[in-house]
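Every position in the sequence shown, counted from 1, becomes a number in the numbering used here once 9 is added. Quick reminder that beta carbons are idealized off the backbone N, C-alpha and C, glycines included. Please read all numbers here as calculations on a predicted model, not as lab measurements.
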Amino acid sequence: MKKARIGVVGAGGIGAAAHLPAVTGLPDIAELTAIVDLDPDRLATAGATFGCENLYSDLAVMLEEQKPDIVVVATPPHLHEPLAIQAMRAGSWVFCEKPLTGSLESADRILAAEEETGQWCVTVSQFRYAGGSRQVRDDLASGRWGRPLVGVAHTSWYRGPEYWDIPWRGKFATEFAGATTTQAHHAIDLLLWLMGGQWLSVSGIADTLSRPIEVEDASVATVRFDGGAVATMLSTVLSHNQATTLQVMAERATVNLDTLYMPLLEEWSVRQVDAEGTTQLVTDWSKPEEPVQAHRAQLANIIAHWSAGEQPELTTAEARSTLEFLTALYKSSHVGAPVARGEIVPGDPFYTALDAGGPTRKARHHG
Ligand SMILES: NC(=O)c1ccc[n+]([C@@H]2O[C@H](COP(=O)([O-])OP(=O)(O)OC[C@H]3O[C@@H](n4cnc5c(N)ncnc54)[C@H](O)[C@@H]3O)[C@@H](O)[C@H]2O)c1
């Protein structure tokens, strides 16, 4: 198989911790072709650590000189759209950090770029590729546990005030949104995927309760799905008891995940109530698997599709669905009523920004 030549843009927190090791951890199918970062020290350190000599401060120059097959975008969120579109127009697939971007309007521009260029932009969704997730999803989708009825996705994390010392964090213009989109994105995206049906409407409250930031530090939401299922979601960075908890209560079993940052196979469990009314652990659903580095697993999946000339699994259309859900949650918080799937269209202020732009920001914080 031809190796995919990969350029990584952004050698900061997640670039250095997850993406660069993911590329170099797949030596049979991937080659680290170049690294791009504006910060010369980070660039030099990343080059030395990951054995790459093609170091750039400008994506355009890297694209011109290296013509990579895949570009990883691991920059702050407000740069995802322009960098992803630039890379696709140069002929590369893109593997872009979450959140894909900050509005449905922006996601639609990325979708248009996919159509215009014939390239694909895949959003990071590492919980879907982490240990156990695919096994649970396959068994739920097979119907062996019956229809999903009730879902839970609680992301209770802690970020102290110093977390927002990095200038792009905490601001609508550069981070777009807070705990729900930045931290809880993983659990929310995973639950929406596991529940199977489409979400139909969401009712939410998002607010900034404690941290000195523009974006929200907590939200709660209730969701209705196609077919009648319901779910509850809690997303916060204010919890001193850190946990990520997910449940899918299906007709004949309940699937549970208790993790923090990265699901492992052993953190999943499935329970059933037997004829005597006693809860029993179900043990025949999982197959042993090697420990999974989820960014690497998703990258390997993308490369397999790229190599086969096939459409990848998680295209912009799929990522847009999660983004639409998040947008609807914020809109619901603002208008104080449930928001339906498909309701936020051009002309709606929430179509152009997760926080609907300036006037709404003021209304939300001082209303
Ligand atoms: N999937 C996850 O688990 C996870 C975890 C953390 C962050 N993230 C996401 O990853 C993204 C980056 O977050 P981070 O914490 O790594 O940020 P960071 O600030 O630590 O790193 C970003 C890097 O991008 C570089 N950069 C900025 N503009 C650039 C440009 N125009 N060209 C090239 N390089 C540029 C910066 O110099 C910096 O080194 C965000 O979207 C964030 O939400 C995802």
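**Report entry** Backbone secondary structure at Ser112 - three-state DSSP
**Finding:** Residue 112 sits at position 103 when you count from the first residue of the sequence shown. The answer is coil: DSSP assigns Ser112 none of H, G, I, E or B.
Query raised in the report: Using a threshold of 7 Å, is the CB atom of Gly345 nearer than that to any non-hydrogen atom of ligand 1?
Result: Reading the sequence shown from its first residue, position 336 is the one you call residue 345. Flag unset: Cβ of Gly345 not near ligand 1.
Query raised in the report: Do Phe104 and Ile311 come within 8 Å of each other at the CB atom, strictly closer than that value?
Result: As a working mapping, residue 311 is identified with position 302 in the sequence shown. As a working mapping, residue 104 is identified with position 95 in the sequence shown. Closer than 8 Å, so yes.
Query raised in the report: In three-state terms, what does DSSP make of Arg220?
Result: Reading the sequence shown from its first residue, position 211 is the one you call residue 220. Collapsing the DSSP output to three states places Arg220 in coil.
Query raised in the report: ligand 1 heavy atoms versus the CB of Lys107: any closer than 7 Å?
Result: Along the sequence shown, one-based indexing puts residue 107 at 98. At least one heavy atom of ligand 1 is nearer than 7 Å to the Cβ of Lys107, so yes.
Query - Unbroken alpha helix (DSSP H) run spanning Ala20, endpoints - result: Looking up residue 20 in the sequence shown gives position 11. Segment: none, Ala20 is in no alpha helix (DSSP H) and carries neither H nor E.
Report task. Would you list, in sequence order, the uninterrupted alpha helix (DSSP H) runs of no fewer than 4 residues that lie entirely inside the region 284-333? Result -> 303-317
Report task. Just the C-alpha distance for Val239 and Arg305, rounded to the nearest angstrom, thanks. Result -> Within the sequence shown, residue 239 is the residue found at index 230, counting from 1. Within the sequence shown, residue 305 is the residue found at index 296, counting from 1. If I take the Cα positions, the gap works out to 32 Å.
Query - Distance between beta carbons of Ala139 and Met271, contact taken as under 8 Å - result: On the sequence shown, residue 271 is found 262 positions in, with the first residue counted as 1. On the sequence shown, residue 139 is found 130 positions in, with the first residue counted as 1. With 8 Å as the limit, Met271 and Ala139 qualify as a contact, their Cβ atoms being about 6 Å apart.
Query raised in the report: How close, in whole Å, do the beta carbons of Leu92 and Thr84 come, if the pair is a contact with beta carbons under 8 Å?
Result: As a position in the sequence shown, residue 92 is number 83, starting the count at 1. As a position in the sequence shown, residue 84 is number 75, starting the count at 1. About 6 Å separates the two Cβ atoms, so the contact holds.
Query raised in the report: Contact between the region 169-177 and the region 274-288: three or more CB pairs below 8 Å?
Result: Segments in contact, no.
Query raised in the report: Enumerated in chain order, which unbroken segments of the alpha helix (DSSP H) with a length of 4 residues or greater are wholly contained in the region 55-137?
Result: 68-75, 89-98 and 113-126
Query raised in the report: Do the region 280-287 and the region 200-208 touch if we need at least three Cβ pairs shorter than 8 Å?
Result: Verdict: no, contact absent.
Query raised in the report: For Tyr167, which residues of its own chain have a beta-carbon under 8 Å away from its beta-carbon, when the five flanking residues on both sides are left out?
Result: The residue you call residue 167 lines up with position 158 of the sequence shown. Taking Tyr167 as the centre and dropping the five residues before and after it, the same chain places the C-beta of Val246, Leu247, Ser248, His249 and Gln251 closer than 8 Å to its C-beta, in chain order.
Report task. Grab me the residues of Gly24's own chain with a C-beta within less than 7 Å of its C-beta, minus the 5 sequence neighbours each way, in chain order. Result -> The residue you call residue 24 lines up with position 15 of the sequence shown. Val17 and Ala83, listed in sequence order.
Query - Own chain, CB closer than 6 Å to Ala31, minus 5 neighbours either side, in chain order - result: Position 22 of the sequence shown, counting from 1, holds the residue named residue 31. Cβ neighbours of Ala31 beyond the five flanking positions: His304, Arg305 and Leu308.
Report task. Go through the region 131-181 residue by residue and report every complete run of the alpha helix (DSSP H) that reaches 4 residues or more, in order. Result -> 135-138 and 142-151
Query - Host alpha helix (DSSP H) of Ile197 (start-end) - result: Stepping through the sequence shown from its first residue, residue 197 is reached at position 188. That run of the alpha helix (DSSP H) goes His194 to Leu203.
Query raised in the report: With a Cβ-Cβ cutoff of 8 Å, do Arg51 and Gly22 count as a contact?
Result: Position 42 of the sequence shown, counting from 1, holds the residue named residue 51. Position 13 of the sequence shown, counting from 1, holds the residue named residue 22. Their beta carbons are not under 8 Å apart, which means Arg51 does not touch Gly22 by this criterion.
Requested in this report: Using 7 Å as the cut-off, classify the Cβ of Gly58 as near or not near the heavy atoms of ligand 1, replying yes or no.
Outcome: The residue given as residue 58 occupies position 49 in the sequence shown. According to the sequence provided, residue 58 is Thr. The question's Gly does not apply to it. For ligand 1, not one heavy atom lies less than 7 Å from the Cβ of Thr58.
Query raised in the report: Can we count Val301 as close to ligand 1, meaning its CB is less than 7 Å from some heavy atom?
Result: Counted from its first residue, the sequence shown places residue 301 at position 292. Outside the cutoff, so no.
Query - By C-beta, the residues closer than 6 Å to any heavy atom of ligand 1, given in chain order - result: That query returns the following residues: Val18, Gly19, Ala20, Gly21, Gly22, Ile23, Gly24, Val45, Asp46, Leu47, Asp48, Arg51, Leu68, Ala83, Thr84, Pro85, Pro86, Leu88, Glu106, Lys107, Val133, Gln135, Ile175 and Thr191.
Query raised in the report: Cα separation between Gly155 and Ala262?
Result: Sequence index remark: in the sequence shown, residue 155 carries index 146 (1-based). Sequence index remark: in the sequence shown, residue 262 carries index 253 (1-based). Each residue's alpha carbon lies about 8 Å from the other.
Query raised in the report: In angstroms, rounded to a whole number, what distance separates the CA positions of Ala349 and Ser112?
Result: Position 340 of the sequence shown, counted from the start, is the residue given in the question as residue 349. Position 103 of the sequence shown, counted from the start, is the residue given in the question as residue 112. Rounded to whole angstroms, Ala349 to Ser112 spans 16 Å at the Cα level.
Query raised in the report: Secondary structure at His375, three-state DSSP: helix, strand or coil?
Result: One-based indexing of the sequence shown puts residue 375 at position 366. Any reading at His375 must be qualified, since the residue scores a pLDDT of 43, below 50, and its modelled position is unreliable; no value is offered.
Query raised in the report: Just reading off the alpha helix (DSSP H) that Leu29 is part of, what are its end residues?
Result: As a position in the sequence shown, residue 29 is number 20, starting the count at 1. Per DSSP, Leu29 is one residue of the alpha helix (DSSP H) stretching across Leu29 to Thr33.
Report task. Would you kindly check if the distance between the Cβ of Met97 and the Cβ of Ser316 is under 8 Å? Result -> The residue labelled residue 316 in the question sits at position 307 within the sequence shown. The residue labelled residue 97 in the question sits at position 88 within the sequence shown. Against a cut-off of 8 Å, the Cβ pair of Met97 and Ser316 comes out as no contact.
Report task. Below 7 Å CB to CB, which residues in the same chain sit around Ile214 once its five sequence neighbours on both sides are set aside? Result -> The residue given as residue 214 occupies position 205 in the sequence shown. Excluding sequence neighbours, Ile214 sits near Ser228, Val229 and Ser342.
Query raised in the report: Is Leu218 buried or exposed, if buried means 16 or more other CB atoms sit within 10 Å of its CB?
Result: As a working mapping, residue 218 is identified with position 209 in the sequence shown. Its Cβ having fewer than 16 others within 10 Å, Leu218 is exposed.
Query - Pick from Ser210, Leu64, Gln207 and Thr164 that is closest to Thr190, judged by C-alpha positions - result: The residue given as residue 190 occupies position 181 in the sequence shown. Ranking the options by Cα distance to Thr190, first place goes to Thr164.
Query raised in the report: Which residue comes first and which comes last in the alpha helix (DSSP H) that contains Ala262?
Result: Taking the sequence shown and counting its residues from 1, the one referred to as residue 262 is at position 253. First-last for Ala262: undefined, no H or E at that position.
Requested in this report: Specify the secondary structure class of Phe185 as computed by DSSP and reduced to three states.
Outcome: Taking the sequence shown and counting its residues from 1, one reaches residue 185 at position 176. Here Phe185 sits in coil by DSSP.
**Report entry** Contact between the region 326-342 and the region 116-134 (3+ Cβ pairs under 8 Å)
**Finding:** yes
**Report entry** Residue range of the alpha helix (DSSP H) that includes Pro358
**Finding:** Locating residue 358 in the sequence shown gives position 349, where the first residue counts as 1. Where Pro358 is concerned, the enclosing alpha helix (DSSP H) stretches over Pro358 to Thr361.
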